[in-house]
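Beneath this line is the structure, given in structure tokens, with notes to follow.
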Amino acid sequence: MRLPTVVFLLVTIQLSLQQSQEDIGTEFKEKEGLFPKIQTTLKIVPSSPAAVSSPKPAGSSCKDLSSSCKTFEKAGFCKSRFYTTHQKKRNCAKTCGLC
């Protein structure tokens, strides 16, 4: 017959947590004027293709260093925004059409 004790304990803990949250909210409202309000504006400017693209290697330097480039291409490596153009060119320049 310990079940009622456990239920009482859980209810007591839940009520204590709710009371603590209310106290925290009241505490911040009381001190609201003590802290400066900071406002920031973020402006996102798209970069031009000229700034992103890099020169393509010519002739014999147009090759894939990895033997898995075809698999990588099928998995989306060449069009992925996660990898930089430099990484794509260094590893799979030919497959990704970067030369």
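In mature numbering (1 follows the signal peptide of the UniProt record, and there is no 0), the protein residues as written are -18 to -1, 1 to 81.
Quick reminder that beta carbons are idealized off the backbone N, C-alpha and C, glycines included.
Contact test: residue i Cβ vs the ligand ZN heavy atom, cutoff 7 Å
i	result
Ser62	Looking for the ligand ZN in the displayed structure turns up nothing, as the structure carries no ligands at all.
Distance CB(residue i)-CB(residue j) smaller than 8 Å
i	j	result
Cys60	Cys81	no
Asp46	Lys71	no
Cys74	Ser48	yes
Buried/exposed call for residue i, threshold 16 Cβ in 10 Å
i	result
Phe64	exposed
Phe54	buried
(message) Quick check for students: name the residue ranges of the alpha helix (DSSP H) that lie wholly in the stretch 36 to 81, counting only runs of 4 or more.
(response) 51 to 56, 67 to 74
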